[in-house]
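Note that the protein sequences, when read in sequence, are chains S and V.
All residue numbers for the first sequence refer to the numbering used here, where the first residue is 981 and numbers rise by one.
All residue numbers for the second sequence refer to the numbering used here, where the first residue is 13 and numbers rise by one.
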Amino acid sequence: DTGVSQDPRHKITKRGQNVTFRCDPISEHNRLYWYRQTLGQGPEFLTYFQNEAQLEKSRLLSDRFSAERPKGSFSTLEIQRTEQGDSAMYLCASSLQGTVYEQYFGPGTRLTVT
Amino acid sequence: AQTVTQSQPEMSVQEAETVTLSCTYDTSESDYYLFWYKQPPSRQMILVIRQEAYKQQNATENRFSVNFQKAAKSFSLKISDSQLGDAAMYFCAYRRSKNTGNQFYFGTGTSLTVIP
């Protein structure tokens, strides 16, 4: 068990470009979450998957954002036409269905939009 | 919507002393879960302690304990015998019961400094 991993750890992009982040959850976890964390704030929920199904989406997830989890394993979060306001840490977490306890977090991807 | 408030942006404690971090939350539900997460600088968040709302007994994990006051909607974290490795951002989080949404609601965090 290597924990939740995220790639890349850092991404610098120019405004208007598209970016894609990847999250690999703990192998037996069937639930996967994406959060956004801006400076001085706690993580804010973006979306949640159970297996390959996207079950919840926050209103923070605008039309420029899309998330997928093909085959219920890794997940990708894509941001199209990035804006400076998208600069943040994007956190992925996973958990096991049937447990009501903690989510296990990855190290995050820090996005800087210039 | 659920909100979680951490009114102490920064706290400091002398090594080996005790510190208490505050957290309040707003909910109309009776069944939920509360958590404290630790986020060291440039490292990922890890769970410190959790509390089920239906349990009256306060949770304890080694040097970490909580004071859960359900009526007051308060959930404070006490760190005893503080160590240098306790320095981190601490986030209080709320999760609705297992039969409703799965997302966590986080507070804005408290930055804890441990003074040698």
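Backbone N, C-alpha and C fix where the C-beta goes; we use that ideal spot for every residue, glycine too.
Nearest candidate by alpha-carbon position, reference residue i, set the options
i, options, result
"S:Asn1031", "S:His1009, S:Gln1021, S:Gln1060 and S:Phe1045", "S:His1009"
"S:Val984", "S:Gly1065, S:Phe1025, S:Val1093 and S:Leu1076", "S:Leu1076"
"V:Glu41", "V:Phe118, V:Ile58 and V:Tyr66", "V:Tyr66"
"S:Gln1060", "S:Phe1054, S:Arg1011 and S:Ser1046", "S:Ser1046"
"V:Gly119", "V:Val31, V:Gln51, V:Glu64 and V:Asp43", "V:Gln51"
"S:Arg1044", "S:Trp1014, S:Asp1066 and S:Glu1082", "S:Asp1066"
"S:Arg962", "S:Trp1014, S:Thr993 and S:Ile992", "In the structure as shown, chain S begins at 981 and stops at 1094. Residue 962 of chain S is therefore absent and cannot be evaluated."
Residue i versus residue j: straight-line alpha-carbon distance, rounded
i, j, result
"V:Phe116", "S:Pro1023", "9 Å"
"V:Arg55", "S:Phe1085", "10 Å"
"S:Gly1020", "V:Asn114", "24 Å"
"V:Tyr45", "S:Leu1035", "20 Å"
"V:Ser86", "V:Met57", "22 Å"
"S:Phe1029", "V:Gln68", "32 Å"
"S:Lys1051", "S:Arg1090", "26 Å"
"V:Glu22", "V:Phe103", "12 Å"
Contacting residues, own chain, Cβ-Cβ under 6 Å from residue i (five flanking each side not counted)
i, result
"V:Phe47", "Arg62 and Ala105"
"V:Val60", "Trp48, Lys50 and Phe76"
"V:Met101", "Gln51, Gly121 and Ser123"
Chain-order list of residues whose beta-carbon lies under 7 Å from that of residue i (same chain, five-residue window excluded)
i, result
"V:Asp93", "Ala28 and Arg75"
"S:Glu1063", "Arg995 and Val1093"
Residue-chain proximity (residue i, chain V), Cβ-Cβ < 8 Å
i, result
"S:Phe1001", "no"
"S:Gly1088", "yes"
"S:Val1025", "The sequence shown places Phe at residue 1025 of chain S, not Val. Yes, because at least one Cβ of chain V sits closer than 8 Å to the Cβ of S:Phe1025."
"S:Glu1008", "no"
"S:Glu1032", "no"
8 Å Cβ cutoff, residue i in contact with chain S
i, result
"V:Gln68", "no"
"V:Phe80", "no"
"V:Phe103", "yes"
"V:Phe47", "yes"
Contacts around residue i, its chain only, beta-carbon distance under 8 Å, and the 5 residues preceding and following it disregarded
i, result
"S:Gly1088", "Gln986, Arg989, Gln1017, Met1069, Tyr1070, Leu1071 and Cys1072"
"S:Asn1100", "Residue 1100 of chain S falls outside the range modelled here, since chain S spans only 981 to 1094, and no answer is possible."
"V:Thr125", "Glu22, Met23, Ser24, Val25 and Ala99"
Neighbouring residues, chain V, relative to residue i (Cβ below 7 Å)
i, result
"S:Phe1085", "Gln56 and Met57"
"S:Tyr1028", "Asn114 and Gln115"
Within chain S, the residues that residue i reaches when beta carbons sit closer than 7 Å
i, result
"V:Asn74", "By Cβ distance, chain S contributes nothing, its closest Cβ being about 16 Å from V:Asn74, past 7 Å."
Listed by chain order, chain S residues near residue i by CB distance under 8 Å
i, result
"V:Thr120", "Gly1020, Gln1021 and Gly1022"
Where residue i meets chain V, residues with beta-carbon distance less than 8 Å
i, result
"S:Arg1011", "Asn114"
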